[in-house]
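The numbering of the first sequence is our numbering, which starts it at 9 and goes up by one. Glycine is no exception: its CB is placed at the ideal position from the N, C-alpha and C atoms. Let me begin by presenting the structure, written as structure tokens, before commenting on it.
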Amino acid sequence: MLSQYKGRRSSSMCPSTMGRSPCCEKAHTNRGAWTKEEDQLLIAYIKAHGEGCWRSLPKAAGLQRCGKSCRLRWINYLRPDLKRGNFTGEEDELIIKLHRMIGNKWSVIAGRLPGRTDNEIKNYWNTHIKRKLIARGIDPKTHLPIDGCSDHSALSSDRQTVSVAAAPQSEETLQPSVENRLQTICFCYRLGFQGSEACSCHKSYAKSFVSFQYPPLEEGQQA
DNA sequence: AAAACTCACAACCGCAAATCC
DNA sequence: CGGATTTGCGGTTGTGAGTTT
């Protein structure tokens, strides 16, 4: 999912329904694959009213779906900025590198791949990349050689020092602490993709919903 | 030609976090 | 402040399409 969807609570929260009626009434909702008509209703509604308040959206849009289902359909399939199509080799490698560093944080990984969704990346990982890594002799879970590798230190240090700030933060909270001398920069920068299309560090990190803290790479160290 | 099997991906489920009242 | 509710995330499942036997 892209950065604008980051954070447990967003401005899209609907105040009028917050903390009231029970969650989605499943008794009278459609399930399974979406029809073209349902897609059109959802697209038309969001074009007219924008995203937000998923709870009340289905009724307002004339859909017999729960809000959760509408949100998922829009984010994963109907959004106009989705890229679709095959993943490029560069995207493959970026996913592998990010996964090695942060694990199954699909939404964070998706935030670094413009036009890709967390669900898409998760599926792609499970169907393609896992096998690709196994074929390379790499365990897709640990990113270590399958035949056993003694050097766990690099990976563990990566994992330990990466902290994920999942929610939007103020500029102050994103400032690196002086004490631990960490640098706060975007992943692409650390991975050497700065300036690429996937890199967002040309934008102020204060505006980014996701940031990471980790020590700067030593000279010659691989990300 | 058709049954069995495999693959890819859309959609669902359950939980945790965020927020409101 | 705590309970109630919504939203968002990651894991899992269902199913249609493609391939093999």
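State buried or exposed for residue i, treating a residue as buried only when at least 16 other CB atoms are found within 10 Å of its CB.
| i | result |
| --- | --- |
| K105 | buried |
| G75 | buried |
| R73 | buried |
| E45 | exposed |
| I154 | exposed |
In angstroms with no decimal places, state the Cα-to-Cα distance between residue i and residue j.
| i | j | result |
| --- | --- | --- |
| I142 | P66 | 43 Å |
| N127 | W82 | 12 Å |
| G97 | I137 | 11 Å |
| L80 | E101 | 26 Å |
| K55 | I129 | 26 Å |
| H107 | T125 | 15 Å |
| R63 | C78 | 9 Å |
| G145 | L152 | 8 Å |
| W42 | G93 | 20 Å |
| G123 | N112 | 19 Å |
| F95 | T37 | 34 Å |
| N131 | H57 | 30 Å |
| D147 | R139 | 10 Å |
| C61 | R39 | 20 Å |
Would you identify the three-state DSSP class for residue i, choosing helix, strand or coil?
| i | result |
| --- | --- |
| I146 | strand |
| P153 | strand |
| C78 | helix |
| L49 | helix |
| N127 | helix |
| E99 | helix |
Whose C-alpha, out of the options, is nearest the C-alpha of residue i?
| i | options | result |
| --- | --- | --- |
| L90 | Q48, A41, L121, K130 | L121 |
| Q48 | C61, E99, L86, P153 | L86 |
| E59 | E45, P88, L152, T37 | P88 |
| I51 | L152, T37, M109, N84 | N84 |
| S133 | E46, E99, C61 | This sequence places Trp at residue 133; Ser is not what is there. When only C-alpha atoms are compared, the closest one is E99. |
| I110 | R39, R139, N131, K149 | K149 |
Problem - Cβ contact (3+ pairs, closer than 8 Å) linking the stretch 66-86 and the stretch 114-123 - result: no
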